[in-house]
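Each residue of the sequence shown is one higher than the last, beginning at 29 in the working numbering. Cβ coordinates follow ideal geometry from the N, Cα and C atoms, glycine included. The structure presented is a predicted model; accordingly, all values stated were derived computationally and were not measured. For reference, the structure is listed below as C-alpha cells.
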Amino acid sequence: MTTYATPVKDMAFVMNELAGLNDIAKLPGCEEMTPDVVRTILDEAGRFAAEVLAPIDQSGDRVGSQAEKGVVTTPPGFKEAYRKFIEGGWPTVACPPKFGGQGLPHLVSMALHEMWDAANMSFSLCPMLTQGAVDALEHHASEELKARYLPPMVKGEWTGTMNLTEAQAGSDLAAVRTRAIPEGDHYRIVGTKIFITYGEHDLASNIVHTVLARLPDAPEGVKGISLFLVPKYLANPDGSLGARNDLQCVSVEHKLGIHASPTAIISYGEKGGAIGYLIGQPNRGLEYMFTMMNRARIAVGYEGIGISERAYQRALAYARERVQGKPLGHTGAGRAPIIQHPDVRRMLLSMKAQTEAMRALGYVAVASLDKAMRHPDAKERARHQAVIDFYTPIVKGWCTEQSIEVSSTGIQVHGGMGFIEETGAAQHLRDARITTIYEGTTGIQAMDLVGRKVARDAGATAMAVIAEMRQTRAQLAAGRGDELAAIGASLDTGISAVEESTRYLLDHYGGNPRAAAAGSVPYLMLLGTVLGGWQMGRAALVSQKKLASAADDKRFYETKMATARFYADHILPRANAYRYEIVHGADSTLRLDEAQF
Numbered sequence: 029m030t031t032y033a034t035p036v037k038d039m040a041f042v043m044n045e046l047a048g049l050n051d052i053a054k055l056p057g058c059e060e061m062t063p064d065v066v067r068t069i070l071d072e073a074g075r076f077a078a079e080v081l082a083p084i085d086q087s088g089d090r091v092g093s094q095a096e097k098g099v100v101t102t103p104p105g106f107k108e109a110y111r112k113f114i115e116g117g118w119p120t121v122a123c124p125p126k127f128g129g130q131g132l133p134h135l136v137s138m139a140l141h142e143m144w145d146a147a148n149m150s151f152s153l154c155p156m157l158t159q160g161a162v163d164a165l166e167h168h169a170s171e172e173l174k175a176r177y178l179p180p181m182v183k184g185e186w187t188g189t190m191n192l193t194e195a196q197a198g199s200d201l202a203a204v205r206t207r208a209i210p211e212g213d214h215y216r217i218v219g220t221k222i223f224i225t226y227g228e229h230d231l232a233s234n235i236v237h238t239v240l241a242r243l244p245d246a247p248e249g250v251k252g253i254s255l256f257l258v259p260k261y262l263a264n265p266d267g268s269l270g271a272r273n274d275l276q277c278v279s280v281e282h283k284l285g286i287h288a289s290p291t292a293i294i295s296y297g298e299k300g301g302a303i304g305y306l307i308g309q310p311n312r313g314l315e316y317m318f319t320m321m322n323r324a325r326i327a328v329g330y331e332g333i334g335i336s337e338r339a340y341q342r343a344l345a346y347a348r349e350r351v352q353g354k355p356l357g358h359t360g361a362g363r364a365p366i367i368q369h370p371d372v373r374r375m376l377l378s379m380k381a382q383t384e385a386m387r388a389l390g391y392v393a394v395a396s397l398d399k400a401m402r403h404p405d406a407k408e409r410a411r412h413q414a415v416i417d418f419y420t421p422i423v424k425g426w427c428t429e430q431s432i433e434v435s436s437t438g439i440q441v442h443g444g445m446g447f448i449e450e451t452g453a454a455q456h457l458r459d460a461r462i463t464t465i466y467e468g469t470t471g472i473q474a475m476d477l478v479g480r481k482v483a484r485d486a487g488a489t490a491m492a493v494i495a496e497m498r499q500t501r502a503q504l505a506a507g508r509g510d511e512l513a514a515i516g517a518s519l520d521t522g523i524s525a526v527e528e529s530t531r532y533l534l535d536h537y538g539g540n541p542r543a544a545a546a547g548s549v550p551y552l553m554l555l556g557t558v559l560g561g562w563q564m565g566r567a568a569l570v571s572q573k574k575l576a577s578a579a580d581d582k583r584f585y586e587t588k589m590a591t592a593r594f595y596a597d598h599i600l601p602r603a604n605a606y607r608y609e610i611v612h613g614a615d616s617t618l619r620l621d622e623a624q625f
C-alpha cells in the first residue's frame with residue numbers, strides 16, 4: 029500500500045508556465061491569485077487530500093455505501109471527512125461570493141478537484157455534483173430559489189444532484205417520462221430516475237435534486253423538457269428544514285467501481301407527487317442542464333487525471349520496493365528492484381508522460397474557461413468560449429480513456445500482485461472505468477466534438493488551435509539541441525495528422541455524416557494525443573530555458589525534458605494511426621449489415 033503525495037510542484041509548474049496563472053490574476057475578481065497565494069492553497073489542499081481523504085479510499089471501496097429501507101449509509105470515516113471538508117471551507121472555493129463562496133478561478137479550483145479525485149474519487153463525486161447544481165441554479169433559477177437554496181449548498185451543508193435519465197431513456201433524453209403537474213406556485217413531480225450519484229446519503233442534512241421532467245402541455249422530444257428543483261426536505265423561508273418531500277431512494281446500484289459513492293434510483297411521487305419548483309422557463313430544461321453538464325464533463329476529465337496520478341504513484345512505489353530478477357547488463361549475482369528492468373521503466377514513463385500531458389491540457393483548457401467568463405473584452409470572452417467549447421469533449425473523452433490505459437498499466441507493473449485487491453492497484457482501474465461513461469460516453473463526446481465544435485463553425489476554432497501548435501513547432505525547431513528537434517519533429521507529424529483529419533471530416537460531414545461519425549472517436553483521441561504533445565513540447569521549451577539560466581532544481585527540469593521526449597517518441601506516433609483510421613476506416617466500419625455481426 030502507498031500513500032498519496034499531491035504533485036504540487038508539477039501542478040504549480042503547469043499553472044504558472046503553461047496555463048498562464050499571471051494572466052488569470054489580471055482578470056476581474058482574480059487579482060489576489062499570485063503564484064505564492066496559489067501555492068499556499070495547493071499545499072493546504074494537498075495536506076487535506078493526503079491526510080484525510082486518501083486514508084479512507086481503499087477501506088471505502090471494500091465496504092461501499094449500504095442501503096436499507098431507503099436509508100443510505102456511507103462507509104466509516106466518510107461523514108467525519110465530509111465534516112472536515114466543510115470546516116475547511118473547501119466546498120466554497122469556486123462558488124459565487126454573493127452566496128458565501130470564495131469565487132476562485134477555475135484554474136485553481138479544478139487543481140483542487142484533481143487532488144480530491146486522486147485521493148478518493150468516490151468522495152470527490154459528492155462536492156463535484158453539488159458544484160454543478162450550484163452553477164445551474166446561479167445561472168437559471170429565480171432570485172427567490174437562489175436566496176433559499178444556494179447559501180447552504182455553497183457551504184456544503186446541503187448537497188446537489190443531477191437527475192437526468194430513466195430506465196427506458198438512457199442517453200436519449202427525448203424519451204424522459206417523468207411528469208411535472210402544476211399546483212399553485214409549485215409542481216408535483218411523479219416518476220423514477222436512475223443513476224443518481226449521491227442521490228441519497230448521510231453526509232448532509234438535505235439533498236437538492238435538479239430533475240428533468242415534462243409539463244402536461246409540453247411538446248414531444250427534447251424541446252418539451254423542463255428543469256425542476258426538488259429537495260429531499262422542503263426549505264422554510266428562513267432557510268431551516270421543513271417537511272420531508274415525497275421522494276424515496278428505491279435502491280443503490282451494485283457497481284464495478286466507486287463503491288463508496290452511492291448511485292441511487294429515486295422514485296418521486298409515490299404519495300401524490302413530490303413538490304418541485306420550476307427552474308427558469310418551461311421547456312428549456314435540457315439547455316439549463318447543460319450548464320451543469322458541460323462543467324461536469326470537464327470535471328470528469330479531471331477525474332481521469334487524478335486517477336492516473338494515483339495509479340502512477342502506486343506503481344512507482346511498488347517498482348522501487350519489489351526486488352525480483354537480475355537486470356540486463358548488470359554484473360554481479362544480486363537481485364534488484366524491478367524499476368531497473370527496461371520494460372518496467374517503459375511502463376512507468378508511459379504512465380508519467382500521459383498523466384503530465386493530461387494535466388497540462390486540462391489546466392490550459394480551464395484557463396480559457398476563466399477568460400471566457402471574466403475577461404473584460406467581449407471579443408476575448410467569445411474567443412475563449414469557442415476554445416473551451418472545443419476543448420471540453422476532448423478533456424472529458426481523452427483524459428478518461430487515458431486513465432483506463434494508465435491504471436491498467438499500473439496493474440501490469442505490479443505483475444501478479446496487481447490482480448490482488450489488497451495492493452489497491454485494481455481499484456484504480458475499476459474506478460476509472462466509469463469515467464468514460466459519466467456525463468456521456470466517449471462516443472457522445474466525439475459526436476459533439478465533430479458536429480457541434482468542428483463542423484458548426486466550419487473548423488475555424490480547430491484551425492486556430494492548429495495555428496497555435498505550429499507556432500510552438502517553430503519554437504522547437506529554432507531551439508538548441510537534439511532533444512527539442514526530436515520533440516518538434518514528432519509534434520509536426522502529429523499536427524499534420526490533425527489538419528488532414530479535420531479537413532477530411534469537414535469535407536464529409538455534410539454529404540456523408542455516417543462516415544464522419546465512424547471516425548469521430550479516433551478523431552477525439554487524435555486531438556487529445558496531439559494537444560497533449562503540444563503542451564509537453566511547451567513544457568520542454570520552458571525547461572530548456574530554466575536549465576540554460578542555471579535555475580534551481582536542475583533535476584526537475586531535466587526530468588521534464590526527458591518526459592517530454594518520451595511522450596514524443598512513444599505516445600505522439602499514435603497520431604498517424606488515428607489519422608489512417610479516420611481517413612480510410614469508415615468503409616470497413618460501416619460495411620456489415622446488422623445480421624452479419
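- A residue is called buried when at least 16 other Cβ atoms come within 10 angstroms of its Cβ; Pro550 meets this threshold and is buried.
- If you look at Lys221, you'll find it in the beta strand (DSSP E) that goes 214-225.
- Rounded to whole angstroms, the Cβ separation of Thr102 and His229 is 6 angstroms, and the two are in contact under 8 angstroms.
- In this structure, Gln352 is the residue among Asp520, Gln352, Gly425 with its C-alpha nearest to the C-alpha of Val441.
- Contact between Ala453 and Ala343 is confirmed by a C-beta separation of about 7 angstroms, below the 8 angstroms threshold.
- Comparing C-alpha distances from Lys283 to each of Ser233, Gln563, Ser150, Val394 shows the shortest one belongs to Ser150.
- Leu554 places its beta carbon 8 angstroms or farther from that of Ala486.
- Collapsing the DSSP output to three states places His237 in a strand.
- Looking only at Val162, Glu185, Glu96, the smallest Cα-Cα distance to Glu115 is reached by Glu185.
- Taking C-beta atoms as the reference points, Leu559 and Val482 fail to come closer than 8 angstroms.
- Take the alpha-carbon of Tyr419 and the one of Met321: they are about 14 angstroms apart.
- Rounded to the nearest whole angstrom, the C-alpha separation of Ser378 and Gln309 is 49 angstroms.
- Residue pairing from DSSP places Trp186 in a beta bridge opposite Asn234.
- Ala292: not part of any alpha helix (DSSP H); member of the beta strand (DSSP E) spanning 291-296, first to last residue.
- The beta-bridge partner set that DSSP reports for Arg176 is empty.
- Counting the other Cβ atoms within 10 Å of the Cβ of Lys574 gives 16 or more, which makes it buried.
- Rounded to whole angstroms, the gap between the alpha carbons of Ser336 and Gln624 is 38 angstroms.
- DSSP places Phe151 in the uninterrupted alpha helix (DSSP H) bounded by 134-168.
- Within the stretch 435-509, the complete alpha helix (DSSP H) segments of 4 residues or longer fall at 453-461, 470-476, 488-506, listed in chain order.
- For Glu79, the secondary structure class from DSSP, reduced to helix, strand or coil, is helix.
- Within the same chain, and ignoring the five residues on either side of His134 in sequence, the residues whose Cβ sits closer than 7 angstroms to its Cβ are Ala122, Val394, Leu397, Asp398.
- A residue is called buried when at least 16 other Cβ atoms come within 10 angstroms of its Cβ; Pro265 does not meet this threshold and is exposed.
- Exclusion of the five residues before and after Val434 leaves Ser336, Ala339, Tyr340, Met379, Gln382, Thr383 as the residues of its chain whose Cβ lies within less than 7 angstroms of its Cβ.
- Taking a contact to require three or more Cβ pairs closer than 8 angstroms, the stretch 594-613 and the stretch 511-521 qualify as touching.
- Fully enclosed alpha helix (DSSP H) runs of no fewer than 4 residues occupy 313-349 of the stretch 298-349, in order along the chain.
- Around Thr437, the same chain offers Met375, Ser378, Met379 as residues with beta carbons nearer than 7 angstroms, after the five sequence neighbours per side are excluded.
- Taking C-alpha positions only, Arg542 is separated from Thr319 by approximately 29 angstroms.
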